[in-house]
Amino acid sequence: MGLVSVLNEKSRAQTWQTLGWLLQLSWQHLLYFHPLFKFPGSWYAAGYGHQTLKALHDKYGEVVRVAPDKLSFSSATAWKDIYAQRKSGPNFIKDHKFYTTDDEQSHAFSPKALLEEDIVLKYADMLMVAIREESAKGSLYFNDCYNWVTFDVLGELSFGEPFGSVEARRPDEWIDTVLQMVVFIAWYSALYKLHPVFSSLYSYLIPPFVRKATVSHVTQSKAKILSRMEGGEREDGRKDFYSYIFELRKEMGLHEWHMAAYSNAMIIAGSETTATVMSALTYHLCRLPAIYDKLKQEVRSRYKSGNEITSLSATFPYLTAAIHEILRLLPPIPFGMPRIVPPGGDTVDEMFIPGGTTVSVHAWSLTHSDKNLKDPDKFIPERWLDPDNTDQREASNPFLLRPRACIRQNMAWMEMRILIAKMAFFDYELVDDNLDWERDSLAFILWQKPELWTKVISRNVD
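Quick note: the sequence shown uses UniProt numbering, first residue 1, plus one each step.
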């Protein structure tokens with residue numbers, strides 16, 4: 001037994017040495033003999049934070065090699081070359097490691113299918129009541145407030161019932177688990193980009209409480225789907241997300257775990273992104289009272305209370321400019337949305353890129369570059385209203401370009417317009433005067449928001 005043990009230990013040591021040697025050879029080959037070798041980039045580039053990637057673009061230019069087979073672009077031309085419908089030749093291919101639900105979700109979120117203003121108004125009005133009542137008790141944690149309403153809207157549009165967050169005034173356990181998982185998915189992605197072998201370490205990084213929560217989350221997801229399936233068509237005749245998914249279930253060969261994955265992806269992308277944008281906008285309005293005064297005046301001069309606001313009445317020019325500006329300053333997704341160059345290669349920003357290369361535009365680098373905008377790190381809604389403004393506003397495409405645009409942008413715009421217009425009947429100020437949103441935001445798969453605590457005063461117009 002002793003000899004076997006020694007041999008086993010020796011064998012394991014040799015295995016690890018061999019593995020390390022192979023990884024080193026593999027990495028050296030990818031670095032120096034890969035078709036993308038000519039493109040500049042940091043030698044350790046394997047997918048980093050938004051600020052690090054911008055620093056690389058500032059140093060190397062508008063195209064940077066961020067991994068052995070991946071290029072990041074930072075130019076307005078690249079938006080069109082990568083994401084738009086191409087006049088000739090095949091479109092760039094979506095990376096299916098990131099996109100698995102587009103066809104199904106495009107049915108469910110087409111403008112005619114689920115543009116349900118009454119649902120948004122219901123939960124927005126409930127949130128206004130909650131803010132009024134809770135602010136009388138002390139300062140408010142606005143990150144939670146926006147998550148309550150956006151998740152409840154998506155819950156009703158997905159499962160036919162809300163999560164109950166606005167009414168309970170606390171996040172649902174299902175939602176909490178989803179948001180916790182985002183960080184660990186980012187860890188897995190980073191390990192995989194170093195080398196697929198390293199992704200096996202992922203299971204050792206997950207804390208026990210997250211494993212337990214994940215099991216609970218999967219169980220709850222399946223229960224929600226089964227409950228929705230058993231419920232059949234809604235009595236009010238309203239179509240929700242799963243009305244369309246059920247119609248496609250047999251045709252697409254979907255299983256329960258497919259539908260659970262769809263619901264997770266849809267609710268994370270559809271709710272957390274809007275809530276993050278709303279939190280960031282609230283921060284900047286608190287920081288810049290002169291801008292908030294303009295927005296309040298635009299809304300309050302036309303309406304006496306938030307109860308009068310609808311999606312049509314919320315199409316104010318300055319409010320719309322403020323949304324454009326916060327979407328530029330804080331693109332909803334902190335990383336570039338990957339596309340794969342078709343076989344045979346193609347041109348991006350007048351450069352030939354080999355087929356099979358993963359390419360993307362890093363929006364944050366592009367919209368924070370002084371080559372494209374004056375004072376790019378400042379929140380200036382007026383840049384979207386001045387016809388003589390020389391900023392390259394086309395550099396900002398937070399929802400990508402048609403026909404590949406975010407399938408939920410119509411809903412997102414409606415939610416943001418309604419919520420911001422109704423919020424204009426409150427005055428608020430930051431509790432933590434040292435808070436810096438750009439400095440304190442962390443970029444994983446989604447933004448990890450800094451804590452936004454505010455003091456709130458209701459201001460209905462007499």
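Don't be surprised by glycine CBs; every beta carbon is placed ideally from N, CA and C.
Which whole-angstrom value is the C-beta distance of residue i and residue j, which I expect to be below 8 Å?
i      : j      : result
Asn143 : Lys449 : 5 Å
Asp391 : Ala78  : 18 Å between Cβ atoms; not a contact.
Pro334 : Val277 : So it is not a contact: roughly 12 Å between Cβ atoms.
Leu281 : Ile420 : 7 Å
Leu319 : Val299 : 7 Å
Phe163 : Asp176 : That belief does not hold up - the Cβ atoms of Phe163 and Asp176 are roughly 10 Å apart, past 8 Å.
Leu140 : Glu134 : 6 Å
Glu325 : Trp384 : 6 Å
Ile267 : Ser158 : 6 Å
Met337 : Leu435 : Not really, about 29 Å apart at Cβ, beyond 8 Å.
Ala76  : Glu394 : 5 Å
Excluding the 5 residues flanking residue i on each side, which residues of the same chain have their C-beta closer than 6 Å to its C-beta?
i           : result
His34       : Because the pLDDT at His34 is just 47, under 50, the model does not fix this residue reliably, and the value given afterwards should be weighed accordingly. Counting only Cβ-Cβ distances below 6 Å, and skipping sequence neighbours, we find Pro68.
Ala275      : Tyr146, Asn147, Thr150
Ile457      : Asp427
Glu272      : Leu446
Val64       : Gly41, Leu56, His57, Ser72
Glu382      : none
residue 473 : One cannot answer for residue 473 here, as it falls past the ends of the chain, which runs 1 to 462.
Tyr123      : Val149, Asp152, Val153, Val166
Leu330      : Ala280
residue 464 : A question about residue 464 goes unanswered here, because the residues of the chain that appear run from 1 up to 462.
Arg132      : Ser458
Asn389      : Arg383
Asn372      : Gln392, Ala395
On the DSSP bridge assignment, give the partners of residue i in chain order.
i      : result
Ser369 : Answer is none; Ser369 lacks a bridge partner.
Gln220 : Gln220 is not bridged to any residue.
Met351 : Val348
Leu70  : Here the sequence assigns Lys to residue 70, which means Leu is not the residue at that position. Per DSSP, Ala67, Thr358.
Phe426 : Ser458
Tyr141 : Trp453
Arg339 : Lys94, Val359
Gln448 : Leu442
Cutting at 7 Å between CB atoms, please list the residues of its own chain near residue i, excluding the five before and the five after it.
i           : result
Val120      : Val153, Met414, Glu415, Ile418
His368      : Lys54, Pro376, Asp377
Ser311      : Glu117, Met414, Arg417, Ile418
Ser365      : Leu53, Lys54, His57, Ser74
Asn412      : In the sequence as displayed, the identity of residue 412 is Ala instead of Asn. Only Thr274 meet the Cβ criterion.
Gly49       : Ala443
Glu161      : Gly155
Lys455      : Ser139, Tyr428, Glu429, Val431
residue 486 : Since the first residue shown for the chain is 1 and the last is 462, residue 486 is missing from the structure and cannot be characterised.
Answer with buried or exposed for residue i, where buried requires no fewer than 16 other C-beta atoms within 10 angstroms of its C-beta.
i           : result
Phe352      : exposed
Asp375      : exposed
Gly138      : exposed
Val215      : exposed
Leu71       : buried
Pro289      : exposed
residue 523 : No information on residue 523 is available, as it lies outside the stretch 1 to 462 that the chain covers here.
Pro301      : For clarity, residue 301 is Ser in the given sequence; the question names Pro instead. Label assigned to Ser301: exposed.
Ser227      : exposed
Gly61       : exposed
Ser396      : buried
Arg408      : buried
Leu295      : buried
Thr219      : exposed
Gly155      : buried
Ala223      : exposed
Gly89       : exposed
Pro387      : exposed
Pro398      : buried
Arg211      : exposed
Between residue i and the rest of its own chain, which residues show a CB-CB distance below 8 Å, the 5 nearest in sequence each way excluded?
i      : result
Ile82  : Phe73, Phe92, Arg339, Val348, Val359, Ser360, Val361
Asp432 : Glu451, Trp453
Ala130 : Cys145, Trp148, Val166, Arg169
Ser313 : Arg302, Tyr303, Ala421
Ile292 : Going by the sequence as given, residue 292 is Tyr instead of Ile. Hits under 8 Å: Leu285, Cys286.
Asp95  : Pro338, Arg339, Ile340, Thr358
Pro343 : Gly355, Gly356
Asp125 : Gly306, Asn307, Lys422
Tyr283 : Leu430, Leu435, Trp437, Leu452
Continuous alpha helix (DSSP H) assignments of at least 4 residues falling wholly in the segment 285–333: For the segment 285–333, whole alpha helix (DSSP H) runs of length 4 or above, ordered along the chain, are 289–300, 317–329.
Worksheet item: At which residue ranges does the segment 151–177 contain complete alpha helix (DSSP H) runs of 4 or more residues, listed in the order of the chain?
Response: Fully enclosed alpha helix (DSSP H) runs of 4 or longer: 165–168.
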